[in-house]
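Undergrad:
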Amino acid sequence: MMEDKVIMNTCLTLTKNTCDILMHGAIEASTPNIKSLFETQLTKYLEVQGEIFKEMEKSGMYKMENVPESKIKKTCEKHQPTC
């Protein structure tokens with residue numbers, strides 16, 4: 540199980556890094572065609588990243604905790620006073 544978690548974490552990290560590179564490629568693209576190519580690939584990799592995350596969460600490898608509403612509100616107010 541631990542080896543599976545390491546492999547899945549590695550896949551998730553690599554996929555996130557690929558998304559970052561593709562996003563920057565889209566931002567800095569010199570032509571609309573190149574921008575479109577990067578955006579298309581970014582969308583595909585974001586879907587893959589989501590699938591990896593869902594599998595990890597389902598398998599108990601990636602646990603999310605519920606954040607109290609008060610913490611969400613406090614953070615929102617800190618960064619955007621009109622929340």
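Numbering-wise (the working numbering), the sequence shown opens with residue 540 and increments by one. Beta carbons: idealized from backbone N, C-alpha and C, even for Gly.
Check whether the segment 554–572 touches the segment 609–617, counting contact only when three or more Cβ pairs, one atom from each stretch, lie closer than 8 Å.
TA: no
Undergrad: Is it buried or exposed, L518, if we count other Cβ atoms within 10 angstroms and call 16 or more buried?
TA: Any property of residue 518 remains undetermined from this structure, which presents the chain solely from 540 to 622.
Undergrad: Got a sec, what are the start and stop residues for the alpha helix (DSSP H) K544 sits in?
TA: 541–567
Undergrad: Between the alpha carbons of S569 and E578, how many angstroms are there, rounded?
TA: 13 Å
Undergrad: Could you please give the first and the last residue of the uninterrupted alpha helix (DSSP H) stretch that includes E594?
TA: The continuous alpha helix (DSSP H) containing E594 extends over residues 571–597.
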